[in-house]
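S.K.:
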Amino acid sequence: MAVEADLPRLLQGVQMIAAPGVPGPLCVAGNRAFPVIVGRTGGQRQAAVVAAGRLDKGRVVAFGHTGYFDGPSLEIADTGALVANAVRWASGRMDRKGAAVRVAVVHRPQLAAYLKKAGFAAEELDGKKLLAALDSFDVVALDANEVADPATAEAILGFAKGGKGVVMASLGWGWLQLNPGKNLVDDHPGNRLLAKAGIAWADGYLQRTAEPGFAVRADVSPLVHAGHALEALVDARRGRRRLDNAELAQASLTLTQAIRTLPNGPNAISVALRRLGPKAAIDPVPLPKKPLKAEAGLERILLTAQIVEMERLAPEKVRAHPAAEAFPGLVPKGAERVRRVVSVDTKVPGWHSTGLYAPPGEVVEASFPPGAAGKGLFVRIGCHNDGLWDLAEWRRAPAICLRRPAIRTQVRAASGFGGLIYIEVPDRCALGRIDVAVRGAVEAPFFVLGATRPGEWRKTIRSRPAPWAELATDRVIVSVPSSVVRSLENPEEVLEVWNKVLDACAELAARPLQRERPERYVADEQISAGYMHSGYPIMTHLDAAESMVSRERLLAGNWGLFHEMGHNHQSGDWTFDGAGEVTVNLFSLYVCETVCRLKGPGHPAVAMGAARDAAYRKYAATGPDFNKWKSDPFLALTMYVQLREAFGWETYRRVFDEYRKLPAAERPKSDDEKRDQWMVRFSRAAKRNLGPFFQAWGVPTSESARKSIADLPPWMPEGFR
């Protein structure tokens, strides 16, 4: 563990540091590694945003966001002091007088300038110059991506082991987004290096503990360290220690992150888990009615270890996991395993449905044409893409999807949970249309509008044995349990409504009706956030599945399903802070009005008539307050409804089209600019001065923006003050 004096030295003069962007967590697992500053994750649980440790004779410090090396962050609170302390401590010369610490700063001119000003002998270098001059420095400060080259990584590793210092920054979730198909365990260059010190960048987000970022805390839980967490759970299981629910949840989170992030191969955690599992008779099977809660520490980390191990096993060694029976379900006994050839148009990126299902624990094989190998394609098993790792309870296993890259023409894959099979296509793939042969799969109910004959659907297709089904158009695909489509007589009429919904969203957003790829909805036992959430795919709970395949329920106005599709059509250019859950509902309103033909707005919280007037009077009684406006999305939506009533949807479409065509230089760069541009552009489109209207609602705009529309006749809704 940490040398007793190390932490005070690193935190000397530091009370608060910045939070550039959304920092991510660090795993701390080494015997000589320790957290320096922590953030919150998953409620009140903690994870390190800055960590430090020893690597043989050397010292390392890791930061959970690359922005910590940028000029603006260095000037916020005590961030610069912490970075300077980290460099000084890593040099091993904290107490020694004499020549300034020599620091090589790779591709970070603002950091080099800051360190020079702080009295360090800092020099900014590129990678090539670094290797040539490495021996002349005491410390290297760099982004983890700078050690992606094996020669550089080897040199930096030797530099640290020999007694020098490394200060490194990265962002786990950001790196994953920029490196699709790769993982933090095997591919993240910083983890390959610093995991030897027991420090690694993990996936996930950290919540601030204070303004403007993270406060130095005296109550950092020792359970943030994976070694302590495992020891505590084992002692609790054996009756040698009592842990309350908060401590159990903290230990569970810490170890879950460590198991998912530490590199392959035996380590203290994996060895202890293997010894403990059989002896303790632990059966980690999450069920909808008997979830694994955060307090179920050992059960959750053993399940995590099983999931990670299945990811790394050869397909032939994978077995069906017991949790698969509850979700996503088993294939009926005796179901025929088939070989099918699937045609894939690689001009369309994303998941390509095959209408096939991989049984849990069984190998399926996909054969690609020779030219397709190594072109970024994947075989995916499972549509339930949400990870549940940070949630307080797991009603299903927290990760049940599998992806295997098509680096060769033959791809063999097996999932312990099973799932629908997809061929994933990257953006800008130039292979054209290819045929992929899939073996060992079970057929699933699958209806494609315009390609599947309704008679065949009723006769055979809807009865296919897989537990999950899909209905598809070139605009949208819905994934639901097969049980909800077994009695569906006419998928065509359902999908025709879905096409109208998607076209309406595109129409309002002023986008082309022809999409780059179909949108997706997936029903799930449990999702990562909210009742539904947007994305690719849009995720919903299982109780929405029947509505997704019912023409009547869709036309009755399904606000939630339309709302999430609205998020997928929102633009940050015309959505300022506080309006994220407001402008999205324009799409729900538009679909309810134009597709569903509802007489009302489609949601009881959208006040109309006298109720709306009363709500506004109550809001404005003590003066319009933008913070209140932002805290009540349906009250704020009233402002947009008033514009719709006065100027029509066509004005909205013209303004959205104007935004879509803006050159980069004219797009708003700040929230102030977003509010100003929205008022000015809508005023010009409506040919009315909306400045007084915005002021009546308390939405801040600048005097210069209001003056720019002063030539237009002022407008307020009738009877509105």
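When we follow the numbering used here, the leftmost residue of the sequence shown carries the number 415, and every step to the right adds one.
Backbone N, C-alpha and C define an ideal beta-carbon position, used for all residues, glycine too.
Kindly indicate which residue of Met430, Pro773, Thr1036 has the alpha-carbon position closest to the one of Ala749.
M.R.: Pro773
S.K.: Among Trp808, Val793, Gly577, which has the Cα closest to the Cα of Cys815?
M.R.: Among Trp808, Val793, Gly577, the Cα nearest to that of Cys815 is on Val793.
S.K.: Using only the alpha-carbon positions, how far apart do Arg1011 and Ala1079 sit?
M.R.: 40 Å
S.K.: What is the DSSP secondary structure of Tyr771, reduced to helix, strand or coil?
M.R.: Residue state, collapsed to three classes: strand.
S.K.: Does DSSP classify Asp938 as helix, strand or coil?
M.R.: strand
S.K.: Looking at the structure shown, is Glu560 part of a helix, part of a strand, or coil, going by DSSP?
M.R.: helix
S.K.: Where does the unbroken beta strand (DSSP E) through Gln460 begin, and where does it stop?
M.R.: 459-469
S.K.: Would you call the region 985-1001 in contact with the region 1038-1047, where contact means no fewer than 3 C-beta pairs closer than 8 Å?
M.R.: yes
S.K.: To the nearest angstrom, how far is the alpha carbon of Ala880 from that of Ala740?
M.R.: 14 Å
S.K.: Please return the same chain residues whose Cβ sits closer than 7 Å to the Cβ of Arg878, not counting the five positions on each side in sequence.
M.R.: Glu857, Ala858, Pro859
S.K.: Measuring only the C-alpha atoms, how far is Glu709 from Phe534?
M.R.: Pairing Glu709 with Phe534, the inter-Cα distance amounts to about 47 Å.
S.K.: Any idea if Val581 is buried or exposed, counting beta-carbon neighbours within 10 angstroms, 16 or more meaning buried?
M.R.: buried
S.K.: Could you pull the DSSP bridge partners for Leu539 from this structure?
M.R.: Answer is Val520.
S.K.: Tell me which residues share the same chain as Asp649 and place their Cβ nearer than 7 Å to its Cβ, disregarding the 5 neighbours each side in the sequence.
M.R.: Arg655
S.K.: Let me know if Glu838 comes out buried or exposed under the rule of 16 or more other beta-carbons within 10 Å of its beta-carbon.
M.R.: Residue environment analysis places Glu838 among the buried positions, since at least 16 neighbouring C-beta atoms fall within 10 angstroms of its C-beta.
S.K.: For Trp912 versus Arg889, is the C-beta spacing smaller than 8 Å?
M.R.: yes
S.K.: Report back the beta-carbon spacing between Tyr1066 and Leu927 to the nearest angstrom; my notes put them in contact at under 8 Å.
M.R.: The pair is not a contact, with the Cβ atoms about 17 Å apart (cut-off 8 Å).
S.K.: Would you kindly report the start and end of the unbroken beta strand (DSSP E) that includes Thr954?
M.R.: Element bounds for Thr954: 952-955.
S.K.: Short check: CB of Phe1070 to CB of Ala924, under 8 Å?
M.R.: yes
S.K.: Who are Ser893's beta bridge partners in DSSP?
M.R.: Glu884, Val936
S.K.: Please report the distance separating the alpha-carbon of Glu906 from that of Leu885.
M.R.: 9 Å
S.K.: Going by beta carbon distance, what residues of the same chain come within less than 7 Å of Pro680, once the five residues before and after it are set aside?
M.R.: Here Pro680 scores only 49 on pLDDT, less than 50, and its place in the model should not be relied on; the value that follows carries that caveat. None.
S.K.: Does the beta-carbon of Ile431 have 16 or more other beta-carbons within 10 angstroms, so that it is buried, or is it exposed?
M.R.: buried
S.K.: Let me know if Glu625 comes out buried or exposed under the rule of 16 or more other beta-carbons within 10 Å of its beta-carbon.
M.R.: exposed
S.K.: Taking just the CA atoms, how far does Glu1059 sit from Phe1001?
M.R.: 15 Å
S.K.: Quick one: give me the first and last residue of the beta strand (DSSP E) that Gly579 is part of.
M.R.: 579-583
S.K.: Which residue or residues does DSSP assign as beta-bridge partners of Val862?
M.R.: Ala886
S.K.: Pull up the DSSP beta-bridge partners for His766, would you.
M.R.: DSSP links His766 through a beta bridge to Ile837.
S.K.: So, do the region 1122-1135 and the region 1094-1106 have three or more beta carbon pairs nearer to each other than 8 Å?
M.R.: A contact exists between the region 1122-1135 and the region 1094-1106.
S.K.: For Gly869 and Pro895, what's the separation of their Cα atoms in angstroms?
M.R.: 21 Å
S.K.: Using a Cβ-Cβ cutoff of less than 8 Å, which residues in the same chain neighbour Asp420 once the five nearest sequence positions on both sides are dropped?
M.R.: Once the five neighbours on either side are set aside, the close Cβ partners of Asp420 are Phe448, Ala466, Trp503.
S.K.: Distance check for Thr823 and Pro486, CA to CA, integer angstroms please.
M.R.: For Pro486 and Thr823, the distance between alpha carbons rounds to 48 Å.
S.K.: Where does Arg753 sit, in a helix, a strand or coil, going by DSSP?
M.R.: strand
S.K.: Distance, Cα to Cα, Lys731 vs Val752?
M.R.: 21 Å
S.K.: Note down, in chain order, each residue of its chain lying with its Cβ closer than 8 Å to the Cβ of Leu590, except the 5 sequence neighbours on either side.
M.R.: Here Leu590 has Lys596, Asn597, Leu598, Asp617 as same chain residues with Cβ atoms under 8 Å from its own Cβ, once five neighbours each way along the sequence are excluded.
S.K.: Taking the beta carbon of Leu620 as the centre, do at least 16 other beta carbons fall within 10 Å, making it buried, or is it exposed?
M.R.: buried
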